[in-house]
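**Q** Residue numbers (our numbering), protein chains in the order written: chain B, 8 to 269; chain V, 8 to 269; chain A, 8 to 269. Note that beta-carbon positions come from the ideal geometry of N, C-alpha and C, so glycine has one too. Predicted, not measured: the structure shown is a model, and the values here were computed from it. The structure that follows is given in the form of structure tokens.
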Amino acid sequence: MFEAKIDVSVLRECIETITAIVDEGKIKIAEDGLKLRAVDPANVAMISFELQSDVFDEFRFAAKEKEAESGAEDTSESKAETEIGMDFVKLLGILGIGGRKEVELELDEHAQKLFTRMGSLAYTISLLDPSSLRKEPKVPELEFPVQVTIETEEFRRTIRAAEKIGDHIVLGVDGEVFYMEAEGEMDKLRLSLRKEQLIHLTPGTLHSLYSLDYISAMSKGMSHAESITLNLGKDYPLQIEFEVADGKGKVSYLLAPRIESE
Amino acid sequence: MFEAKIDVSVLRECIETITAIVDEGKIKIAEDGLKLRAVDPANVAMISFELQSDVFDEFRFAAKEKEAESGAEDTSESKAETEIGMDFVKLLGILGIGGRKEVELELDEHAQKLFTRMGSLAYTISLLDPSSLRKEPKVPELEFPVQVTIETEEFRRTIRAAEKIGDHIVLGVDGEVFYMEAEGEMDKLRLSLRKEQLIHLTPGTLHSLYSLDYISAMSKGMSHAESITLNLGKDYPLQIEFEVADGKGKVSYLLAPRIESE
Amino acid sequence: MFEAKIDVSVLRECIETITAIVDEGKIKIAEDGLKLRAVDPANVAMISFELQSDVFDEFRFAAKEKEAESGAEDTSESKAETEIGMDFVKLLGILGIGGRKEVELELDEHAQKLFTRMGSLAYTISLLDPSSLRKEPKVPELEFPVQVTIETEEFRRTIRAAEKIGDHIVLGVDGEVFYMEAEGEMDKLRLSLRKEQLIHLTPGTLHSLYSLDYISAMSKGMSHAESITLNLGKDYPLQIEFEVADGKGKVSYLLAPRIESE
């Protein structure tokens, strides 16, 4: 049993962080909230998403009876959760119909449907079969020597500028300076921010190259966050962390590096 | 002789209700105002439109002399009127040029031209030959057991949502509830409004299925009306009535039902 | 050596007057400011553009050393200037990145690059080889019997209206009336403004026909000017003059007439 009520704009903000990476995926519902971990079709980008139940105006969850029965010899470790397959692009379209402040959600596990209700308008979404969706990826164990916290808008603006130049972007730290650099056949773009122009910076000397396509997509997903934290290494994956839903939602994007040809 | 002056935005509002159904048609001009009745090329939707002369800032009309002459033995029933063929899409484009508050219209029946003047800008439109246009349709005699008056925005929003789902929509009344329902292969949308959530409702139990394409078009045509009245029957045409131009313009759309395959 | 600082919106306004005619061209930099003269690829339209150095917040220019050396026997007539080849469409894109008020420019003549810096964002543009660009056109000697100064928005609105009708437009003066006239197969548009509705008018009787494509493009380039001056003759080129950058920038468009087939 899952029933919940949430502000439409908060839920949209959350779903938009997901659709930046995947169109559909498996969401786990538990007593403490929602969770998702998914990789993009090309296995280049990953999202880990968590939303606390207390961001909902109402949130009621109980595991399936079958589970409850078998739970006779339950250990306290095992946590009851339900997994549903969701078309996030469709859900976003529904939430975008507009004119409503709040949406009610109600899961019919038996029929594999999610009822959504915004005012007098009810929308029944057929869930996707979780077994038809990609397996939840393992999060690789990574250690990031450098951490940079930057205003989201500064980052996004630079990404938009870089899109005019080429297909790749370098993210790096040189001493106490964080930089983003894109080079085309003719032109070159460079953003340089000193430690005092950033919210946080671990000094260091390293950089990695990434595909702009993916960072551009992520850049759209983070538009509601005020700041983001970049975890960086040398020729290493990029991890971008930020909060949504007034800090009750946590998003982490992971992006594989590109090999520099030079 | 026809000369008139009218607020540009009021005339646009009126023409937009017409272009929702037809691109061109025959308008009848008489002393008491303008009238049009037209069907769409596929014979599925019809519009009846009337605009009172007193919505115009100026309105001068006199029947053609030829008519006046033959009017020697005029009976008081026969009303003098002039019919002109108009490309409404073009007229809407002209009115949309912008920056002007008022438009003057002047008919040159002999040359079959309509002069429009907005400030210093004069636009001469060649009229269409009325005999080249479709005959004015007869309005079928219909009796509607149920009448529902609803806020236009509520109706339009539901139509926009339904477009994401399928090609058809059911409009019906179930006791004291009015509903709109669209079903796709996977999903289902339903708006339900109780009598107290509506401006008016005749209780009953009936519904009909309609093509969304046409209702979507009509939905655009009604955007300036605050509320609309739906006249419904069982597997019966839908009539949508509303007012424009501060109540001086009356529009009635008629739409043939679709047969439910089930 | 060329280094300058300027308000981003002012520079955009200037570049937009240029991209209305050409995508790329040669700009001459001298102590007193920037200059450009260019013709469109079809040799139908020409732009002369001048921007005074005092519109810049900072402006430092010195001719190349080589020139300075050979300048030993310099005559006071010869003015030191540097010519650079610029892709204006690209520059406009860079200035449009947004969020910055001021842009710094710095020319590296040796490397043929222009450094632009907006806040922490540096963008290096490779210059175009001036020898690969079209030669600067000679401005023909023209005498215009009639001059009309009109509010830009009135002119632009009429051009937009004319685009709905045909491919050409007549600009003319009939006594103390300035008019613009476009004729299609079916319709006709005419703007007539009496002397008192204009900022200035030289009375006369003449008109010329022009291609709307070019005037439409010019019309976009003049959008930041409050008024424009049209210099007209009988079957003669059209010259449109206006100011940008608070009067510190002067633009002159020249457009060849079309021969009236009638």
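Nearest to T236 (chain B) by alpha carbon, out of B:T89, B:T159, B:T123?
**A** Locating residue 236 (chain B) in the first sequence gives position 229, counting from the first residue. Minimum Cα distance to T236 (chain B) is reached at B:T159.
**Q** What is the DSSP secondary structure of R163 (chain V), counted as helix, strand or coil?
**A** Position 156 of the second sequence, counted from the first residue, corresponds to residue 163 (chain V). It is helical.
**Q** From the DSSP output, read off the bridge partner residues of V155 (chain A).
**A** By 1-based counting over the third sequence, the position of residue 155 (chain A) is 148. Per DSSP, A:L208, A:L237.
**Q** Report the residues of the stretch 27-44 of chain A with a CB closer than 8 angstroms to any CB of chain B, ordered along the chain.
**A** For the stretch 27-44 of chain A, which is checked against every Cβ of chain B, not one residue is closer than 8 angstroms.
**Q** Using a Cβ-Cβ cut-off of less than 8 angstroms, give me the residues of the stretch 117-151 of chain A that come near chain B, in sequence order.
**A** From the stretch 117-151 of chain A, only S127, L128, A129, Y130, T131, I132, S133 have a Cβ closer than 8 angstroms to chain B.
**Q** Against G100 (chain B), what residues of chain V qualify as contacts under a CB-to-CB distance less than 8 angstroms, listed in chain order?
**A** To locate residue 100 (chain B), count along the first sequence from 1; it is residue 93. Here the neighbours are K171.
**Q** I want to verify the contact list: residues of chain V whose CB lies under 9 angstroms from the CB of T165 (chain A), in sequence order.
**A** Translated into the one-based positions of the third sequence, residue 165 (chain A) becomes position 158. Per Cβ cutoff of 9 angstroms: I104, S127, L128.
**Q** Given that L198 (chain A) touches chain V, what residues does it touch there, using C-beta distances under 8 angstroms?
**A** Within the third sequence, the letter at position 191 stands for residue 198 (chain A). Simply S127, L128, A129.
**Q** DSSP three-state label for A27 (chain V), please.
**A** Counted from its first residue, the second sequence places residue 27 (chain V) at position 20. Coil, per DSSP.
**Q** Count the other CB atoms, across all protein chains shown, that sit within 10 Å of the CB of A49 (chain A); report buried if there are 16 or more and exposed otherwise.
**A** Taking the first residue of the third sequence as position 1, residue 49 (chain A) is located at position 42. It counts as exposed.
**Q** Using a C-beta to C-beta distance shorter than 8 angstroms, which residues of chain V count as neighbours of D194 (chain A)?
**A** As a first step, residue 194 (chain A) must be located in the third sequence, where it is residue number 187. Ordered by position in chain V, the residues that pass the 8 angstroms Cβ test against D194 (chain A) are K97, Y130, T131, I132, S133.
**Q** What in chain A is Cβ-close to A168 (chain B), meaning under 8 angstroms?
**A** The residue you call residue 168 (chain B) lines up with position 161 of the first sequence. Neighbours of A168 (chain B) on chain A, chain order: I101, I104, L128, Y130.
**Q** For the beta strand (DSSP E) containing A52 (chain V), name the first residue and the last one.
**A** For the purposes of this step, residue 52 (chain V) is taken as the residue at position 45 of the second sequence. A52 (chain V) -> beta strand (DSSP E) spans 52-59.
**Q** Can you list, in chain order, the residues of its chain whose CB lies under 7 angstroms from that of K255 (chain A), leaving out five sequence neighbours each side?
**A** Locating residue 255 (chain A) in the third sequence gives position 248, counting from the first residue. Same-chain partners within the cutoff: L58, Q59, D61, V62.
**Q** For a test of the three-state rule: what should DSSP assign to I101 (chain B), helix, strand or coil?
**A** For this step, residue 101 (chain B) is matched to residue 94 along the first sequence. Helix, per DSSP.
**Q** Where in the stretch 85-142 of chain A do unbroken runs of the beta strand (DSSP E), each at least 3 residues long, occur, reported from the N-terminal end onward?
**A** For the stretch 85-142 of chain A, whole beta strand (DSSP E) runs of length 3 or above, ordered along the chain, are 88-94, 109-115, 120-125, 128-133.
**Q** Can you check whether the CB of S259 (chain B) is closer than 9 angstroms to the CB of I54 (chain B)?
**A** Stepping through the first sequence from its first residue, residue 54 (chain B) is reached at position 47. Stepping through the first sequence from its first residue, residue 259 (chain B) is reached at position 252. A contact, by the Cβ cut-off of 9 angstroms.
**Q** Indicate whether T156 (chain A) and S226 (chain A) have their beta-carbon atoms separated by less than 9 angstroms.
**A** If you number the third sequence from 1, residue 156 (chain A) lands on position 149. If you number the third sequence from 1, residue 226 (chain A) lands on position 219. For T156 (chain A) and S226 (chain A), no; Cβs fall outside 9 angstroms.
**Q** Confirm, please, whether the CB-CB distance from E90 (chain V) to S13 (chain V) is below 9 angstroms.
**A** As a position in the second sequence, residue 13 (chain V) is number 6, starting the count at 1. As a position in the second sequence, residue 90 (chain V) is number 83, starting the count at 1. According to the sequence provided, residue 13 (chain V) is Ile. The question's Ser does not apply to it. In this structure, E90 (chain V) does not lie closer than 9 angstroms to I13 (chain V) by Cβ.
**Q** Helix, strand or coil for E203 (chain B), going by three-state DSSP, please let me know.
**A** Along the first sequence, one-based indexing puts residue 203 (chain B) at 196. Of the three classes helix, strand and coil, the one that applies to E203 (chain B) here is helix, per DSSP.
**Q** Looking at the structure shown, is I247 (chain A) part of a helix, part of a strand, or coil, going by DSSP?
**A** Residue 247 (chain A) sits at position 240 when you count from the first residue of the third sequence. If DSSP states are grouped into helix, strand and coil, I247 (chain A) belongs with the strands.
**Q** Quick check on E161 (chain B) - is its C-beta less than 9 angstroms from some C-beta in chain A?
**A** For the purposes of this step, residue 161 (chain B) is taken as the residue at position 154 of the first sequence. E161 (chain B) counts as touching chain A.
**Q** Could you give the residue range of the beta strand (DSSP E) that holds L219 (chain V)?
**A** Position 212 of the second sequence, counted from the first residue, corresponds to residue 219 (chain V). Not the beta strand (DSSP E): L219 (chain V) falls in the alpha helix (DSSP H), residues 219-228.
**Q** Please list, in chain order, all residues of the same chain as V15 (chain V) whose beta carbon is under 8 angstroms from its beta carbon, the five residues on each side excluded.
**A** The sequence position of residue 15 (chain V) within the second sequence is 8, counting from 1. Answer for V15 (chain V): L102, R107, K108, E109, V110, M125, listed in chain order.
**Q** When you compare only the Cα positions, how much space is there between D81 (chain A) and F9 (chain A)?
**A** To locate residue 81 (chain A), count along the third sequence from 1; it is residue 74. To locate residue 9 (chain A), count along the third sequence from 1; it is residue 2. Below a pLDDT of 50, predicted positions are generally treated as unreliable, and D81 (chain A), at 48, falls in that range; the measurement from the model is reported next regardless. If you take the alpha carbons of D81 (chain A) and F9 (chain A), they lie about 21 angstroms apart.
**Q** Using DSSP with H/G/I as helix, E/B as strand and the rest coil, what is D14 (chain V)?
**A** Counted from its first residue, the second sequence places residue 14 (chain V) at position 7. In this structure, D14 (chain V) counts as strand in the three-state DSSP scheme.
**Q** In chain A, which residues lie with their C-beta within 8 angstroms of the C-beta of Q204 (chain B)?
**A** Along the first sequence, read from residue 1 onward, the residue named residue 204 (chain B) stands at position 197. In chain order: S127.
**Q** Are there 16 or more other CB atoms within 10 angstroms of the CB of T212 (chain A), so buried, or fewer, so exposed?
**A** Within the third sequence, numbered from 1, the residue matching residue 212 (chain A) stands at position 205. Classification for T212 (chain A): exposed.
**Q** Say whether the stretch 199-206 of chain B touches the stretch 245-255 of chain B, bearing in mind that this needs 3 or more beta-carbon pairs closer than 8 angstroms, one atom from each stretch.
**A** Result no; under three Cβ-Cβ pairs closer than 8 angstroms.
**Q** Can you tell me where the beta strand (DSSP E) with H175 (chain V) in it begins and where it stops?
**A** Locating residue 175 (chain V) in the second sequence gives position 168, where the first residue counts as 1. Its beta strand (DSSP E) spans residues 175-182.
**Q** Comparing C-alpha positions only, which one of B:Y221, B:T24, B:T131, B:R67 sits nearest to D40 (chain B)?
**A** Reading the first sequence from its first residue, position 33 is the one you call residue 40 (chain B). The sequence given here has Gly at residue 40 (chain B), not Asp. Of B:Y221, B:T24, B:T131, B:R67, the residue nearest in Cα terms is B:R67.
**Q** Return the chain-ordered list of same chain residues with a C-beta closer than 6 angstroms to the C-beta of A118 (chain A), the five sequence neighbours on each side being excluded.
**A** Along the third sequence, one-based indexing puts residue 118 (chain A) at 111. Nothing listed; no residue qualifies.
**Q** Using the three-state DSSP reduction, which class does V62 (chain V) fall into: helix, strand or coil?
**A** Taking the first residue of the second sequence as position 1, residue 62 (chain V) is located at position 55. DSSP places V62 (chain V) in helix when its eight states are reduced to three.
**Q** For A37 (chain V), which of helix, strand or coil comes out of DSSP?
**A** As a working mapping, residue 37 (chain V) is identified with position 30 in the second sequence. Residue state, collapsed to three classes: strand.
**Q** When the Cα atoms are used, what is the spatial distance from C21 (chain V) to L114 (chain B)?
**A** Translated into the one-based positions of the second sequence, residue 21 (chain V) becomes position 14. Translated into the one-based positions of the first sequence, residue 114 (chain B) becomes position 107. Each residue's Cα considered, the two are about 46 angstroms apart.
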